[in-house]
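Novice:
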Ligand SMILES: NC(=O)c1ccc[n+]([C@@H]2O[C@H](COP(=O)([O-])OP(=O)(O)OC[C@H]3O[C@@H](n4cnc5c(N)ncnc54)[C@H](O)[C@@H]3O)[C@@H](O)[C@H]2O)c1
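Residue numbers (the working numbering): 15 to 309.
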């Protein structure tokens, strides 16, 4: 089998379960060498075994994405085993805890932003230098969410973290194009995984998220309906095939749920109206035709 992925190496954070594992299986079946890195050591060992059973070349590395040092160690281990890394999938993420702006604990914000935002920053900073150096180009896929395309009530921390992932993907796509590294933001809606059980991976340093009588959630009803939506989501294996399809045609935003087009179009229309309001403003309207200078 020969294709644009075969013989190359993919490093997947959160690769022991859910979306990350489905991507590991899909790219492994396409002939890639797979590095799965995950905080859950037991699930990691099980995932490694499953990939080996499917005749996929695999390396499993324990990793907490909030640690830059652990990311560096993972990149070193991957290169020692398989040589150059061609694909980075920043997939590890946590769902946070549904809650209103005044009840969501600061510790919850820190946990969600550290894993979902700094985890992606750490992964890219640790891996991009090697990907640039070998000069063969490649792919960086940052797993954002439909929540990164539009704010979500009672999920402020999660939505903010995913908006940051979309934004970083846009910045890095522009920066890394000259190195032939394609950066995309994967923005799924609901996928049937264990994302609603993210507290299972809570690191000891964020224990305060659970302390003082437990996490402050919006309401049991809201949590139950979030769970039901994830349970009714698409299978991760379908998402993985969609990612391959999108990479093959160079899609920078990878959408898996076309039914979400109208809410996002509604947001875009509101932004456009806001520009029209600025154009009509006696204060700033005169700036309308000024040349835009971009870096
Ligand atoms: N499932 C959905 O509906 C959905 C929708 C949009 C986006 N996403 C995103 O997809 C990504 C994958 O989530 P999933 O749905 O597969 O959930 P999941 O909980 O099933 O899998 C997440 C994986 O990441 C690992 N992980 C968690 N914290 C980690 C850390 N600090 N360091 C390393 N690994 C860690 C977990 O052990 C697990 O293997 C996340 O970024 C999530 O936000 C999921």
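Just so you know, even glycine gets a beta-carbon here, dropped at the ideal spot from N, CA and C.
Do the region 43–63 and the region 265–277 make contact, defined as three or more Cβ pairs closer than 8 Å?
Specialist: The region 43–63 is not in contact with the region 265–277.
Novice: How would you call residue 306, buried or exposed, if buried means at least 16 neighbouring beta carbons within 10 angstroms?
Specialist: As a first step, residue 306 must be located in the chain shown, where it is residue number 292. It is exposed - the Cβ of residue 306 has fewer than 16 other Cβ atoms within 10 Å.
Novice: Can you list, in chain order, the stretches of the beta strand (DSSP E) that have 3 or more residues and sit fully within the region 256–306?
Specialist: Counting only runs of 3 or more, we get 267–269.
Novice: Let me check you understand the geometry: is the CB of residue 274 closer than 8 Å to at least one non-hydrogen atom of ligand 1?
Specialist: For the purposes of this step, residue 274 is identified with residue 260 of the chain shown, where counting begins at 1. No, since every heavy atom of ligand 1 falls outside the 8 Å radius drawn around the Cβ of residue 274.
Novice: Can residue 203 and residue 145 be called in contact, C-beta distance under 9 Å?
Specialist: Translated into the one-based positions of the chain shown, residue 203 becomes position 189. Translated into the one-based positions of the chain shown, residue 145 becomes position 131. No.
Novice: Any heavy atom of ligand 1 within a distance shorter than 8 Å of the CB on residue 57?
Specialist: Sequence index remark: in the chain shown, residue 57 carries index 43 (1-based). Yes, since a heavy atom of ligand 1 falls inside the 8 Å radius drawn around the Cβ of residue 57.
Novice: Mind checking which residues open and close the beta strand (DSSP E) that includes residue 152?
Specialist: Within the chain shown, numbered from 1, the residue matching residue 152 stands at position 138. Here the beta strand (DSSP E) through residue 152 covers 152–157.
Novice: Using 8 Å as the cut-off, can you tell me whether the region 25–41 makes contact with the region 238–256, which would need three or more C-beta pairs spanning the two stretches below that distance?
Specialist: Yes, since at least three Cβ pairs between the region 25–41 and the region 238–256 fall closer than 8 Å, the two stretches touch.
Novice: In chain order, what are the residue ranges of uninterrupted alpha helix (DSSP H) at least 4 long that sit wholly in the region 160–196?
Specialist: 170–190, all fully within the region 160–196.
Novice: Less than 8 Å separating the Cβ of residue 267 from some heavy atom of ligand 1?
Specialist: On the chain shown, position 253 is the one that residue 267 refers to. No.
Novice: In chain order, which beta strand (DSSP E) runs of at least 3 residues are fully inside the region 50–104?
Specialist: Taking only runs of at least 3 residues, the beta strand (DSSP E) segments lying wholly in the region 50–104 are 72–76 and 101–104.
Novice: Considering just the uninterrupted stretch of the beta strand (DSSP E) at residue 246, what are its terminal residues?
Specialist: Reading the chain shown from its first residue, position 232 is the one you call residue 246. Per DSSP, residue 246 belongs to no beta strand (DSSP E) and is neither H nor E.
Novice: Does ligand 1 have even one heavy atom less than 8 Å from the beta-carbon of residue 54?
Specialist: Within the chain shown, numbered from 1, the residue matching residue 54 stands at position 40. Answer for residue 54: yes, Cβ within range of ligand 1.
Novice: Output yes or no for whether 9 Å exceeds the beta carbon distance between residue 91 and residue 60.
Specialist: For the purposes of this step, residue 91 is identified with residue 77 of the chain shown, where counting begins at 1. For the purposes of this step, residue 60 is identified with residue 46 of the chain shown, where counting begins at 1. No; because the gap between Cβ atoms is not below 9 Å, this pair is not in contact.
Novice: If you compare alpha carbons, which of 186, 131 and 125 is closest to residue 143?
Specialist: To locate residue 143, count along the chain shown from 1; it is residue 129. Cα-wise, what sits closest to residue 143 is 186.
Novice: I'd like the span of the beta strand (DSSP E) that includes residue 25, first residue to last.
Specialist: Taking the first residue of the chain shown as position 1, residue 25 is located at position 11. Unbroken beta strand (DSSP E) run through residue 25: 23–27.
Novice: So, under 8 Å CB-CB, residue 206 and residue 258 are touching, yes? Tell me the CB distance rounded to an integer number of Å.
Specialist: Counting from one through the chain shown, the residue named residue 206 turns up at place 192. Counting from one through the chain shown, the residue named residue 258 turns up at place 244. Actually they are not in contact, since the Cβ atoms of residue 206 and residue 258 sit about 19 Å apart, beyond 8 Å.
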